[in-house]
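Anchor point for the sequence shown: position 141 equals 141 in the working numbering, and the numbering is continuous, going up by one each time. Every residue, glycine too, gets a C-beta built ideally from N, C-alpha and C.
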Amino acid sequence: MREWWRELADLVLPADCAGCGLPRTGLCARCRELLSGSRPRRVRPEPPPDGLPPVHACLAYADEVRAVLLAHKERGALRLAAPLGAVLAGAVRAAAGEAGPGGAARGSTGPLLLVPVPSARRSVAARGHDPVRRMALAAAAELRRGGWSARVLPVLRQRRAVADQAGLDARRRLANLAGALDTVAGAGRLLEQGPVVVVDDLVTTGASLAEAARALGRAGGRVAGAAVVAASRPGAR
């Protein structure tokens, strides 16, 4: 119900630009171009956590990009899922190996499976939505419009509570997330359908992506790589 009201409000109550604050624009032309003009690049945290797959990001987590991601994630600006999903789709293409329309990763068959890193239940309840899953759905739709076979497969779950990652250094993030993720019952059969790209909004130390890849690999998933909208520094959450 909360999501429905937010979507209606987005339509009838134009908000200031989520990136730069320009009045009554929602997302101004300059900020939209900043997102749409991005190009994926390989990013790597230092030090990289064990088991981290190749990670691609399109943007640096700063200024307008940071503001747009936070508006979508923390303030429920659901209209931003589509432009952010389009950015994420670019990173997914790079992570999958740029097979081109109609395919997934090179040498693979079956649809490309986008697996979002799950948010904690308490965070989803507080925000009223799951921002990464919403962006993943928008990214999969964008990929299909480009001729790719792609679907979202939300098979990861948190098996135990974890502390808030904010303020933790790389070593503490790794310890906080070690063994924290698992897959739902029957995930192995679903993961057999095609290659997997782990998706998230942001990468900082790589701990979340490495833990997600570990859990998916344990269930039999073929992880081709990871894709995020933005990287917090020249490396990589």
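G103 versus A212: straight-line alpha-carbon distance, rounded
Stepping through the sequence shown from its first residue, residue 103 is reached at position 103. Stepping through the sequence shown from its first residue, residue 212 is reached at position 212. Its pLDDT being 49, under 50, G103 is placed unreliably in this model, and the value from its coordinates should be taken loosely. Whole-angstrom Cα-Cα distance: 24 Å.
From the DSSP output, in three-state form, read off L114 for me.
For this step, residue 114 is matched to residue 114 along the sequence shown. In the structure shown, L114 sits in a strand (DSSP, three-state: E or B).
For a quick check, are the C-beta atoms of D136 and L114 less than 8 Å apart?
As a position in the sequence shown, residue 136 is number 136, starting the count at 1. As a position in the sequence shown, residue 114 is number 114, starting the count at 1. Rather than Asp, the amino acid found at residue 136 in this sequence is Ala. Yes, Cβ-Cβ distance for A136 and L114 is below 8 Å.
Is the CB-CB distance between A230 and A60 below 8 Å?
What you label residue 230 is simply residue 230 of the sequence shown in a count that begins at 1. What you label residue 60 is simply residue 60 of the sequence shown in a count that begins at 1. Yes, Cβ-Cβ distance for A230 and A60 is below 8 Å.
Tell me the DSSP bridge mates of G225?
For the purposes of this step, residue 225 is taken as residue 225 along the sequence shown, with counting starting at 1. According to DSSP, G225 bridges with V197.
Within the same chain, show all residues whose beta-carbon is closer than 6 Å to that of A210, passing over the 5 residues directly before and after it, in chain order.
Within the sequence shown, numbered from 1, the residue matching residue 210 stands at position 210. Here the set comprises P49, G51, L52.
Backbone secondary structure at A231 - three-state DSSP:
For this step, residue 231 is matched to residue 231 along the sequence shown. If DSSP states are grouped into helix, strand and coil, A231 belongs with the strands.
Just tell me which of A82, P131, L191, V199 has its CA closest to the CA of P111.
The count along the sequence shown starts at 1 and reaches residue 111 at position 111. With distances taken between Cα atoms, P111 lies closest to L191.
Can you give me the Cβ contacts of Q193 inside the same chain, cut-off strictly under 7 Å, excluding the 5 residues immediately before and after it?
Within the sequence shown, the letter at position 193 stands for residue 193. These residues qualify, in order along the chain: G110, P111, L113.
Buried or exposed: R214, going by 16 or more other Cβ atoms within 10 Å of its Cβ?
Residue numbering aside, residue 214 sits at position 214 when the sequence shown is read from its first letter. Answer is buried; the Cβ neighbour count reaches 16.
Measuring alpha carbon to alpha carbon, tell me which of A180, G146, L80, T183 ends up nearest A89.
For the purposes of this step, residue 89 is taken as the residue at position 89 of the sequence shown. The shortest CA-to-CA distance from A89 to any of A180, G146, L80, T183 is the one to G146.
For C31, the nearest candidate out of A180, P40, C20 (CA to CA)
As a first step, residue 31 is located in the sequence shown; it is residue number 31 there, counting from the start. Measuring from the Cα of C31, the nearest candidate turns out to be C20.
State the DSSP-derived secondary structure class of D182, mapped to helix, strand or coil.
The sequence position of residue 182 within the sequence shown is 182, counting from 1. Judged by DSSP in its simplified three-state form, D182 adopts strand.
Please state whether DSSP places R42 in a helix, a strand or coil.
For this step, residue 42 is matched to residue 42 along the sequence shown. DSSP places R42 in strand when its eight states are reduced to three.
So, at 6 Å on beta carbons, what are the nonlocal neighbours of A94 in its own chain, with the 5 sequence-adjacent residues on each side left out?
Residue numbering aside, residue 94 sits at position 94 when the sequence shown is read from its first letter. Shown here for A94: same chain residues with a beta carbon closer than 6 Å to its own, the five before and five after excluded, namely P40, H56 in chain order.
Helix, strand or coil for C58 per DSSP?
Here residue 58 is taken as the residue at index 58 of the sequence shown, counted from 1. Residue state, collapsed to three classes: strand.
Check for me: the alpha helix (DSSP H) holding L88 runs from which residue to which?
Position 88 of the sequence shown, counting from 1, holds the residue named residue 88. First-last of the alpha helix (DSSP H) with L88: 81 to 96.
Any idea what DSSP makes of R159, helix, strand or coil?
On the sequence shown, position 159 is the one that residue 159 refers to. R159: coil per DSSP, three-state reduction.
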